[in-house]
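One structure is given here, and the rest of the page talks about it.
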Amino acid sequence: MYLIPLVLFLFPCLAFVLGAIGCAYFNKLYIAPGIVFAISFSAQLLYLNFFFFTWTCIYTALAFFGGITAHILLRKFQPSRKVKKVTGIILISAVVIPALILAGSRPVNAVLMKRKVKDHLQEEGYKSSEIESVKTFHSGKRHTNRTKPTIAKVVFTDDPAHTYRYIELKKENKVIQMCEYERSPNFFTNEYTKERPHMVRGCYE
2 MYLIPLVLFL
12 FPCLAFVLGA
22 IGCAYFNKLY
32 IAPGIVFAIS
42 FSAQLLYLNF
52 FFFTWTCIYT
62 ALAFFGGITA
72 HILLRKFQPS
82 RKVKKVTGII
92 LISAVVIPAL
102 ILAGSRPVNA
112 VLMKRKVKDH
122 LQEEGYKSSE
132 IESVKTFHSG
142 KRHTNRTKPT
152 IAKVVFTDDP
162 AHTYRYIELK
172 KENKVIQMCE
182 YERSPNFFTN
192 EYTKERPHMV
202 RGCYE
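Just add 1 to wherever you are in the sequence shown, counting from 1, and you've got our numbering.
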């Protein structure tokens, strides 16, 4: 849900602008599309899934069209070096500023946390078939010196009645299962119980 506006609007704009910048500065149409493809494909392998490959191709094509557009405009208007420099700074800012904002945004943190939790569970011996779902949400009160604000809610295939929450520790840079859980609506406790077969003893240790 968080990624929809990024995938449909921001990423295409960034790809097009990168294509224009690549053509203007390197006078080559293939450099920027190659960079866009490499970044998109790497993101697909690390954080997303195979279905994102369609968007990888779209972003690459947009970068190529951005380069063609820049090439046509440069040949038509033949701007001075100063105009090229100012335009380049504006275009680079248009890419860098959103990218910096995006790097710390909730959508990206949600995707990263989901991937980290899945990796953590695999390290704990779980198979993909044993994990029914992993969903994330932002909790401002969890943003402390010790923990990050993105929390993952995991439901296991053999225990659909319970939800297990995971959080990431900042200094240790690792994912752990949260001690507390919701025993009844709006009532949380950290008491260990065998009724929750996937609950970890001493989860903060």
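Beta carbons: idealized from backbone N, C-alpha and C, even for Gly.
Going by DSSP, which residues form a beta bridge with residue i?
i	result
A153	T137, Y167
T148	L170
D159	According to DSSP, D159 bridges with nothing at all.
I132	F157
When the Cα of residue i is compared with those of the options, which residue comes out closest?
i	options	result
F12	V84, C58, M200, Y193	C58
G35	V96, S185, N191, F17	F17
L46	M179, V155, V156, R116	R116
K83	F54, A25, G67	A25
L30	T164, T70, E133, T190	T70
K154	E169, F65, R147	E169
V109	I93, L75, N146, L49	L49
H139	R166, K119, Q123, D120	R166
H144	F66, K171, D120	K171
L122	R76, Y60, I177, A162	I177
Roughly how many angstroms lie between the CA atoms of residue i and residue j, to the nearest whole one?
i	j	result
V8	F52	12 Å
K195	E183	15 Å
T190	T164	13 Å
G141	K149	9 Å
I132	V97	37 Å
E125	V135	16 Å
R202	E173	19 Å
G67	A111	30 Å
A95	D120	34 Å
K1	I93	Since the first residue shown for the chain is 2 and the last is 206, residue 1 is missing from the structure and cannot be characterised.
Grab me the residues of residue i's own chain with a C-beta within less than 7 Å of its C-beta, minus the 5 sequence neighbours each way, in chain order.
i	result
E206	The predicted position of E206 is uncertain, since its pLDDT is 49 and thus under 50; no value can be drawn from it.
F54	Q45
D160	P198, H199
E192	none
In the DSSP assignment, find the alpha helix (DSSP H) that holds residue i and state where it starts and stops.
i	result
K77	54-78
F188	Taken as a continuous stretch (DSSP letters only), F188 belongs to no alpha helix (DSSP H), being part of the beta strand (DSSP E) at 188-190.
V176	Per DSSP, V176 belongs to no alpha helix (DSSP H); it is in the beta strand (DSSP E), 175-178.
Y127	Where Y127 is concerned, there is no enclosing alpha helix (DSSP H), given that its DSSP letter is neither H nor E.
L19	12-27
P1	This structure cannot speak to residue 1, because the chain is shown only from 2 to 206.
V8	Here V8 belongs to no alpha helix (DSSP H), and DSSP marks it neither H nor E.
Sorted by chain position, which residues of the same chain lie with C-beta nearer than 8 Å to residue i's C-beta, five sequence neighbours on each side aside?
i	result
I91	none
W56	V8, F12, S41
S130	T158
G89	I22, A25, Y26
H72	C24, L30
Taking the continuous beta strand (DSSP E) assigned at residue i, which residues delimit it?
i	result
E183	182-185
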